Amino acid sequence: MLKNPFKKKSIANKYQKLISEINELETTIKGLTDGELRNKNEQLKRQYNEEQDLNTLIVQSFALTREASLRTLGLRHFDVQLIGGLVLNSGKIAEMRTGEGKTLVATLPASLNALTKNGVHIVTVNEYLASRDQTSMGQIYRFLGLETGLIQEKMTTIERQRNYKADITYVTNNELGFDYLRDNLALNIRDVVLRPFNYCIVDEVDSVLIDEALTPLIIANSVKTCVDKYIIASEITDYLELNIHFEIDEKNKNVLLTNQGTIQIEKILGVQDLYNPRDPWIPYIINAIRASSLFFRDVHYIVQNNRIVIVDEFTGRIMPDRRWSDGLHQAVEAKEGVPIRQTTEITASITYQNFFLVYPKLSGMTGTAKTAEVEFDKIYSLPVEEIPTARPNLRKDLPDFIYKDEFSKWNAIAKECRSISLVQQPILIGTTTVEKSEMLAQLLNEYQLPHQILNAKPENVRRESEIVAQAGKKGSITIATNMAGRGTDIILGGNIQFKVRKDLYNILVSYKYKTQEDKKDYPSSLVEIFPLLKKLKQTSQKFLSVLALLIEDKDFIKLSDVEVLKVLNESELIRIPKTNYQCSMKFLVNELINFEKKSQKLDNVIVKNLGGLYIIGTERNDSRRIDNQLRGRCGRQGDPGKSRFFLSIEDKLIRLFGDSRLEKVLKSQLLDDLPLESELVTKILDSAQKRVEERNYELRKNLFDYDDILNKQRNVVYYERRKVLESESARIKILAYGEQIISEIANKLRRKKVFGNQIISRIKNLLGTNLLATLSYLEFSEFDPIDLQIYLLQEFWLSYEAKILELEIEYPGIIQEFERTLILIYMDREWKEHLQKMSLLRDAVGWRKYGQRNPLSEYKEDAYKLFKYRGLVTRHLVVYELLRSSIL
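Printed below as a string of C-alpha cells:
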C-alpha cells in the first residue's frame with residue numbers, strides 16, 4: 001500500500017474521492033454471496049442500458065471486480081492499482097513499473113466497459129500472454145457473469161466470430177489488425193468476424209504504438225518474380241567495393257551507387273543502362289547491396305527451416321509472418337542461398353497509428369511511456385499518467401562504464417559475471433542482437449560460468465517463460481535479447497511455480513514410457529529415480545496416494561505430453577477443475593508448492609541480502625524506453641536490485657550519433673582495459689539518445705501525416721464497401737453509378753469538351769451497341785445536354801432492367817448476390833491499384849522539395865485526383881461488366 005497516496009499534487013489526488021468511495025463500499029460487497037455478487041453486476045448492466053452512462057457505475061463496478069478477484073485468484077487490487085484502472089478507463093496511458101500488476105489492473109476498466117455489451121478488446125504483444133491472461137483473468141470476468149474470448153492464429157472464421165462476440169476478448173495486435181483488413185476484403189457478410197469497435201486496452205502500448213508504428217500491416221498477393229535477377233545481383237556484390245563503387249548511409253539503412261560503381265555493374269551485366277525502364281536492373285542491384293552491407297544474419301534475421309525470418313529489433317522475437325517489402329526480402333534470400341519466394345503486391349494495408357484510432361475509446365499500459373508522452377499525446381491523443389508504486393523503489397542505477405573498444409567491453413562483462421557469480425547474486429544480461437547474445441554465451445563458457453540464453457532462436461523461444469521466471473534464482477546468469485513484453489515476473493530466489501510444474505511434468509511423462517512391468521510398482525519404482533519423490537516419501541504419503549490414483553485415471557492416460565503440460569500450466573490459473581485428473585494435478589502442484597515454499601523463502605531472503613537481481617546492459621539502445629525496460633526487470637515490488645551499462649566507443653549509438661566532445665573525452669582518458677565512469681559521458685549519451693528519439697519521432701510523424709491522407713480515403717472506401725456488403729440489394733448503388741457516369745458525360749458536353757464521336761464512344765462503353773444506330777443520326781452540336789441526360793438515364797434504366805430480367809429468368813434468385821459481388825470485386829481491384837499508385841506518388845513527391853514545393857501538400861493534391869479517378873474507373877467497370885455479363 002502507498003504510505004500516503006493522496007499527498008498534494010500526486011496523481012492519486014485526482015482520484016481521491018473515487019478511491020475512497022470504492023474502499024467504503026468494500027465492506028458491503030464482502031457481505032454478498034457469490035450469487036448476489038453476480039446479480040449485482042447484472043443490475044449494473046440493466047442500469048447502463050437505461051442510463052447509457054458508465055461514469056455513474058465506476059465505483060460499484062470497481063468494487064465488485066476487486067471482490068471477484070479476491071474470491072477467484074486470491075488477489076486484491078491495491079489502491080494504486082485502482083488508480084491505474086481509473087486512468088485506463090479515462091482513455092489515458094497508465095505507466096506502471098514492472099511487477100506492479102498491470103494485467104490485474106486491466107480487469108477493472110474491462111469489467112466496467114463490458115457492461116455496455118459492445119465488447120472490450122485487451123491487446124497483448126504475443127499469443128502466450130493473450131492465452132495466459134485470458135485463462136487467469138477470465139476467472140474474474142466469468143465469476144461476474146461476463147463472457148471472455150481468445151483469438152489465436154489458427155482459428156477458423158466461426159471460432160473468431162464467437163470469440164469476438166464475447167464481452168471481453170484477448171487478442172494480439174497482429175491478429176486484430178489482420179482481422180480488420182480481412183473483414184474489409186470479405187465478399188460475404190458471413191465472413192466478417194469483427195463487430196463495431198468499442199473500447200480497447202493495449203498492453204505494452206509503447207511497443208505497439210511506437211516501436212511498431214513504422215511497420216504497416218499488409219495483406220498481399222504473390223506476383224510473378226524474376227528470380228534470376230535477384231541471384232545475379234547478389235553475385236555482383238562480390239565485385240563491388242565500399243566507398244569506391246557504393247557508399248553506405250547506415251543511419252537510414254540505404255546505399256548510393258557511385259559513377260564508378262554504375263560503370264562497373266553495367267560492364268559486368270553487359271547492359272548500357274541500369275535504369276532502363278523496359279529492363280530495369282537498378283532496384284535489384286540496390287537491394288542486393290543493402291542485403292549484403294546493412295542486413296546481417298543473427299542480427300536482423302535468422303535462417304529457420306530454409307527461410308529468412310525477421311527478428312524484431314525492439315523485442316528480440318522472431319516475426320515469421322513479416323517480410324521486407326520492395327524486393328529486399330528476396331535479396332536477402334538470394335544472399336543466404338535459400339529458396340527465393342514470390343514478390344507480392346499489396347491488396348490491403350494499414351498502420352497501427354491509424355488502426356487503433358478507429359476505436360472510439362482507447363487506453364494503454366506499459367512500464368515505460370513518459371519518455372514518449374509528447375508523441376502519444378500529439379498522434380493518439382493519449383495523455384500519460386505515471387502511477388506510483390505500491391512499495392518504495394530500491395533499485396540502484398549505477399553509472400555507465402565505457403571502454404575503448406568492444407573487445408575490452410565484452411571481456412569486462414565476462415569478468416564482472418565471474419566476480420558476481422562468486423557470491424551467487426543472480427545476473428540478467430541484456431543484449432541487442434542474437435549474434436551478440438551467442439558470442440557472450442561462448443565467452444562465459446570459456447570462463448566456465450553456467451548460464452541460460454534467451455533469444456529469437458526457436459529452441460530458446462520454447463523455454464521463454466521458464467528462463468525469465470528463473471532469472472532471479474540464486475547464482476543464475478541469464479542472457480536475453482531485449483526484455484520488452486516478456487510478461488513473466490522475475491522472482492528473487494526463483495519461481496517455484498515453474499520449477500514445480502517442470503518436476504511434476506517429468507514424473508508424469510516418465511510414467512507414460514515405462515514398461516507395464518515397471519508400472520505395477522509405480523510410483524514407488526520412480527521414487528529412487530526422482531530426488532523430489534525421495535524427499536516427499538517420508539513427509540507426504542497423501543501426495544504419493546493421489547499420484548497413484550492419477551496415473552490409473554483412464555482420461556489422464558489418453559492425454560498427450562503436450563496436453564499434460566497444458567493442464568499443469570493452467571492448474572494455478574483455474575480455480576475449479578472440471579475433471580478428476582485436473583483436480584488431482586492441481587492438488588499435486590499445490591502440495592509441491594507448499595513443500596518448496598520454505599526453501600524458496602530462504603533463497604528469496606538470501607538473494608535480497610546479496611543485493612537482488614543485477615542487470616547488465618551491453619549497449620545503449622536507440623531509445624531510453626528500451627533501456628528502462630531492461631532496468632525495470634529488477635527492483636520489482638520493493639525488491640532490491642542494481643543495474644549498470646557496459647559500453648564502448650565502437651557501439652552503434654556512439655559511433656553514429658555521438659559528438660566531437662565525446663570523442664575528445666574518450667581519447668584523452670581511456671586506457672586499454674580500464675573503464676571510464678563519467679557524468680559528462682552519461683549526459684552526452686543521454687543527449688545522443690534524445691536526438692535519435694527525436695529523429696525517429698519525426699520519421700513516425702512524417703509517416704502519420706502521409707498515411708493520414710490515405711487513411712481518410714481508406715475510411716471512405718471501407719464505409720462504402722461495408723454498406724454494399726450489408727445491403728440486401730445493390731440495385732440503388734448501380735443506378736447511382738449509371739447516373740453519375742451519364743452526368744459526367746452531360747457536363748462535359750455542356751462545357752463543349754466532348755462532341756459527336758466521343759459521346760458515341762462513351763455511350764457505347766456504357767450501354768453497348770444497342771442505341772448506336774439511332775444516336776449516330778443526332779446532331780450533337782444542337783442537342784440539349786439536359787434532354788440528352790434524361791434520355792440516356794431512361795435508356796440506361798431500360799438496359800439495366802432488361803439485363804436483370806435476362807439473368808433472373810436463367811438463374812432465379814442469383815442477381816442480388818451477383819450485383820453485390822461484382823461491385824465488391826471492382827472496388828477491391830481499383831483500391832489495390834490505388835494503393836500502388838499512392839506508393840509511387842509518395843516516392844515521387846519527395847523530389848519536389850528541390851523545386852521549393854511542399855511534398856506533403858503536393859501529395860495531398862495529387863492523392864485527391866487519384867482518388868477521384870479510382871471512383872470514376874470503378875463506376876465505369878461495374879456498369880460495363882454488368883450490362884455485358886452472362887453467368888455460365
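If you count by full-length UniProt numbering, then the sequence shown holds residues 1 to 888, one letter each, in order. Ideal placement from N, C-alpha and C gives every residue a C-beta, glycine not left out. Note that the coordinates shown come from a computational prediction; the quantities given were computed from them, not determined experimentally.
- Can you list the beta strand (DSSP E) stretches of 3 or more residues lying completely in the segment 670-748, in chain order? Counting only runs of 3 or more, we get nothing.
- Message: Tell me the DSSP secondary structure of V423 in three-state form.
- Response: coil
- Query: Do the segment 375-388 and the segment 84-102 make contact, defined as three or more Cβ pairs closer than 8 Å?
  - Reply: Segments in contact, yes.
- I think I467 touches Q448, with their Cβ atoms under 8 Å apart; what is that distance to the nearest whole Å? Going by Cβ atoms, the distance from I467 to Q448 rounds to 20 Å, so no, they are not a contact pair.
- Taking only runs of the alpha helix (DSSP H) that begin and end inside the segment 62-116, which ones reach a length of at least 4 residues, in chain order? 79-89, 102-105 and 107-114
- Query: What is the residue span of the alpha helix (DSSP H) that S857 lies within?
  - Reply: In the DSSP assignment, S857 falls within the unbroken alpha helix (DSSP H) covering P855 to L883.
- Task: State the Cα-Cα distance for the pair L792 and A746, rounded to the nearest angstrom.
- Result: Between L792 and A746, the alpha-carbon positions lie close to 10 Å from each other.
- Within this structure, are the beta carbons of I168 and A110 separated by less than 8 Å? With respect to the 8 Å criterion, I168 and A110 are classified as neighbours on the basis of their beta carbons.
- Assign T72 to one of two classes, buried (16 or more other C-beta atoms within 10 Å of its C-beta) or exposed (fewer than that). buried
- Item | Enclosing beta strand (DSSP E) for V605 [first to last residue] | First-last for V605: N580 to L610, but that is the alpha helix (DSSP H), not the beta strand (DSSP E).
- Item | Buried versus exposed call for F407 [16 or more other C-beta atoms within 10 Å across all chains shown] | exposed
- Query: Taking the DSSP output, what are the residues bridged to N254?
  - Reply: D249
- Item | Straight-line Cα distance separating E386 from I83 | 10 Å
- Item | Beta bridge counterpart(s) of T172 as assigned by DSSP | T124
- Contact between the segment 235-247 and the segment 151-169: three or more CB pairs below 8 Å? no
- Within 10 angstroms of its Cβ, does L882 collect 16 or more other Cβ (buried), or is it exposed? buried
- Among E694, L725, P675 and I790, which residue has its Cα nearest to the Cα of G738? I790
- Exposed or buried, which one is W281 when buried takes at least 16 other CB atoms within 10 Å? buried
- C-alpha gap between L57 and L18, whole angstroms: 11 Å
- With contact counted as at least three CB pairs below 8 Å, one residue from each stretch, are the segment 695-705 and the segment 347-362 in contact? yes
- Task: Check whether the Cβ atoms of S584 and L550 sit closer than 8 Å, and answer yes or no.
- Result: yes
- Could you check the C-alpha separation between Q794 and K748 for me, to the nearest Å? 19 Å
- Hey, out of L443, W410, G472 and I479, whose CA is closest to V434's CA? I479
- Query: Going by beta carbon distance, what residues of the same chain come within less than 7 Å of E127, once the five residues before and after it are set aside?
  - Reply: Closer than 7 Å at Cβ, skipping near neighbours: Q152, E153 and T172.
- Message: I'd like to know whether the C-beta atoms of T262 and E95 end up nearer to each other than 8 Å.
- Response: no
- Quick one: using the 10 Å Cβ neighbour count with 16 as the cut-off for buried, is V423 buried or exposed? exposed
- Task: Compute the Euclidean distance between the alpha carbons of A863 and E830, then round it to the nearest angstrom.
- Result: Their Cα atoms are separated by approximately 14 Å.
- Message: Does P283 come out as helix, strand or coil in the three-state DSSP assignment?
- Response: helix
- According to the neighbour-count rule (16 or more other Cβ atoms, all chains shown, within 10 Å of its Cβ), is R66 buried or exposed? buried
- Task: Would you mind sorting R46 into buried or exposed? The rule is 16 or more other CB atoms within 10 Å of its CB.
- Result: exposed
- Is T28 buried or exposed, if buried means 16 or more other CB atoms sit within 10 Å of its CB? exposed
- Task: Note down, in chain order, each residue of its chain lying with its Cβ closer than 6 Å to the Cβ of E810, except the 5 sequence neighbours on either side.
- Result: none
- Based on the DSSP output, what are the partners of C200 in its beta bridges? Per DSSP, the beta-bridge partners of C200 are H121 and L362.
- Message: Along the chain, where does the beta strand (DSSP E) containing V384 start, and where does it finish?
- Response: V384 to E386 is the extent of the beta strand (DSSP E) around V384.
- Task: Examine the Cβ distances between the segment 298-308 and the segment 267-274 and report whether three or more of them are shorter than 8 Å.
- Result: no
- Message: Quick check: what's the CA-CA separation for residue 890 versus E464?
- Response: Limits of the chain in this structure are 1 at one end and 888 at the other, which puts residue 890 out of reach.
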